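Right, one structure below, let's go through it.
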Amino acid sequence: MPTVAYDTPFPLSLVPQRIFQGPSVTLNASDFEGAYRRDDGRLYGLPAAHLYGQGSGSDTGTATFQATKWPSQYILVTVTGMDDEKAAHVPMQLWLNDYLIWEGPSPFNNESWTDVAWLVGDLNALHAGENTLTIVNTAKNGVVGQAPWILITTAAVYYQ
């Protein structure tokens, strides 16, 4: 694994290629229940799950998935997302089951798809069987269709 801080976003380009050969689960925009989706399902050229601020009714997206075994070496979560057009990055949370991986400003670029990774600091966060990955827009006073927003197109969980 790269030498990075646990539970802190870092560029996907720092992840050794061998990690991508191990067990993994890929999640698409349509897997994130609770997120808003346009009728055509796409924005900025890709399928997108939209997360608007608190109170919008579309502030949280949760994807449910199956893991084949308990991890013993690492858990890596990757998300391809986008921040809104405003200079300040949208506050967010990233959860793996009941483990809070990240709480802070969105690490995604403004209006540009960005690949980001997190090395999870607790191997007990993922277990064999059913799991959830949840992304929350924690900005106040959200309205569907208006900033502050975050878009998600894909996510993945790699583990060994």
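According to my numbering, the sequence shown holds residues 1 to 160 in order. Each residue gets a CB set at the ideal place from its N, CA and C atoms; glycine is no exception. Here the structure is a predicted model, which means the values were calculated and not measured.
Inset, instruction - Within the same chain, show all residues whose beta-carbon is closer than 7 Å to that of Leu119, passing over the 5 residues directly before and after it, in chain order. - result: On the sequence shown, position 119 is the one that residue 119 refers to. Answer for Leu119: Met1, Val4, Tyr6, Tyr74 and Leu76, listed in chain order.
Inset, instruction - Counting only the same chain and skipping the five closest in sequence on each side, list residues whose C-beta sits under 6 Å from that of Val144. - result: Start at 1 with the first residue of the sequence shown, and residue 144 comes out as number 144. If we look at Val144 and ignore the five residues flanking it on each side, its Cβ neighbours are Tyr36, Tyr52, Ser56 and Ser58.
Legend entry - Inter-residue spacing [alpha-carbon to alpha-carbon] between Gly22 and Lys140: Numbered from its first residue, the sequence shown carries residue 22 at position 22. Numbered from its first residue, the sequence shown carries residue 140 at position 140. Straight-line spacing of the CA atoms in Gly22 and Lys140 works out to 39 Å.
Inset, instruction - Look at the alpha carbon of Gln54 and the alpha carbon of Val90, and state the distance between them as a whole number of angstroms. - result: Translated into the one-based positions of the sequence shown, residue 54 becomes position 54. Translated into the one-based positions of the sequence shown, residue 90 becomes position 90. Approximately 11 Å between the Cα atoms of the pair.
Legend entry - Simplified DSSP assignment, three categories, for Gln146: The count along the sequence shown starts at 1 and reaches residue 146 at position 146. Here Gln146 sits in coil by DSSP.
Legend entry - Leu12, DSSP secondary structure in three states: By 1-based counting over the sequence shown, the position of residue 12 is 12. It is helical.
Inset, instruction - Would you decide whether Ala125 is buried or exposed? Buried here means 16 or more other CB atoms lie within 10 Å of its CB. - result: To locate residue 125, count along the sequence shown from 1; it is residue 125. Counting Cβ neighbours within 10 Å, Ala125 comes out buried, since at least 16 surround it.
Inset, instruction - Have a look at Glu190 and Leu123 and give me their C-alpha separation to the nearest angstrom. - result: No statement about residue 190 is possible, as the shown extent of the chain runs from 1 to 160 and does not include it.
Inset, instruction - State the DSSP-derived secondary structure class of Arg42, mapped to helix, strand or coil. - result: Position 42 of the sequence shown, counting from 1, holds the residue named residue 42. Three-state DSSP puts Arg42 in a strand.
Legend entry - C-alpha distance - Asp84 paired with Thr153, whole-angstrom precision: To locate residue 84, count along the sequence shown from 1; it is residue 84. To locate residue 153, count along the sequence shown from 1; it is residue 153. Each residue's Cα considered, the two are about 14 Å apart.
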